[in-house]
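Chemist: The sequence shown: position 102 = 101 (numbering that gives the first Met the number 0), numbered continuously. Note that beta-carbon positions come from the ideal geometry of N, C-alpha and C, so glycine has one too.
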Amino acid sequence: MKIALLIIDMQKASWSGTSRKEMDKAAETLRGILPFFRERKLPVIWIQDVSSMNSPDHPGEAFDLIDGLEPLDRETRVRKRYWNAFNKTELKDVLEAEKVKTVILAGYCAECCVLSTYRGALDLDLEPILLEGALASENPDNRRFVQRISKTASPVMVRRLAGSAAEPEATPDCCPR
Numbered sequence: 000m001k002i003a004l005l006i007i008d009m010q011k012a013s014w015s016g017t018s019r020k021e022m023d024k025a026a027e028t029l030r031g032i033l034p035f036f037r038e039r040k041l042p043v044i045w046i047q048d049v050s051s052m053n054s055p056d057h058p059g060e061a062f063d064l065i066d067g068l069e070p071l072d073r074e075t076r077v078r079k080r081y082w083n084a085f086n087k088t089e090l091k092d093v094l095e096a097e098k099v100k101t102v103i104l105a106g107y108c109a110e111c112c113v114l115s116t117y118r119g120a121l122d123l124d125l126e127p128i129l130l131e132g133a134l135a136s137e138n139p140d141n142r143r144f145v146q147r148i149s150k151t152a153s154p155v156m157v158r159r160l161a162g163s164a165a166e167p168e169a170t171p172d173c174c175p176r
């Protein structure tokens with residue numbers, strides 16, 4: 000079971016007011032788990048909303064990721080126009096090519112794009128899991144609600160899941176079977 004980390008809409012266009020504080024907390028959690036995914040060469044996919052831009056091919060400062068989040072050149076970027084990141088994008092194909100069955104979701108806005116992508120993953124027979132501490136919303140009550148109704152895992156549990164997916168346990172030769 001291979002897993003991928005999907006980082007959704009952590010963009011400067013939404014980085015203000017209550018959202019800024021929430022996004023900063025989510026970014027801190029992401030900065031803590033990104034090295035783990037990268038060291039194991041597990042897919043990290045950056046999803047960016049272009050629906051409100053003047054042109055989908057004209058990334059400006061609002062399109063940029065918030066400070067402290069930097070994709071590596073080898074990491075995939077997906078541009079989307081709808082809340083569900085699977086809707087009319089290459090995301091499904093990217094995950095299939097990588098043989099991913101479980102997606103760890105993080106980002107903004109918990110009750111809109113993150114939840115829509117979570118449900119989109121379910122529709123595709125993937126296993127979505129929200130990364131605890133890595134969700135953001137303009138309204139913290141909405142974030143908490145999304146966490147309550149969805150499968151959620153702490154960074155520690157995600158590391159265990161990713162570790163077991165990336166490095167299968169060997170059976171010691173010394174032990175009886």
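1. By DSSP, does residue 9 sit in helix, in strand, or in coil?
2. What are the boundary residues of the alpha helix (DSSP H) that includes residue 30?
3. How many whole angstroms separate the CB atoms of residue 3 and residue 155, which I take to be in contact at a CB cut-off of 8 Å?
4. Cα-Cα, which of 40, 8 and 47 is closest to residue 97?
5. Just reading off the alpha helix (DSSP H) that residue 88 is part of, what are its end residues?
6. Give me the Cβ distance between residue 104 and residue 71, rounded to the nearest whole Å; I'm assuming they're in contact under 8 Å.
7. I need the straight-line Cα distance from residue 5 to residue 16, nearest angstrom please.
8. Nearest by alpha-carbon distance to residue 161: which of 32, 44 and 75 is it?
9. Suppose the cutoff is 8 Å on Cβ atoms and the five residues either side in sequence are ignored; what does the same chain contact list for residue 22 look like?
10. According to the neighbour-count rule (16 or more other Cβ atoms, all chains shown, within 10 Å of its Cβ), is residue 115 buried or exposed?
11. Can you find the residues in the same chain that come closer than 8 Å, C-beta to C-beta, to residue 119, ignoring five residues on each side of it along the sequence?
12. Let me know if residue 94 comes out buried or exposed under the rule of 16 or more other beta-carbons within 10 Å of its beta-carbon.
13. To which residues does DSSP link residue 4 through a beta bridge?
14. CA-CA distance, residue 46 and residue 77?
15. Quickly, what does DSSP pair residue 78 with across the bridge? List them, please.
Modeler: Quick answer:
1. coil
2. 16-38
3. Not really, about 18 Å apart at Cβ, beyond 8 Å.
4. 40
5. It is not in any alpha helix (DSSP H) - residue 88 carries neither H nor E in the DSSP assignment.
6. Not a contact, Cβ separation roughly 19 Å.
7. 24 Å
8. 32
9. 9, 13, 14, 65, 107 and 135
10. buried
11. 83, 84, 85 and 86
12. buried
13. 43 and 103
14. 5 Å
15. 47
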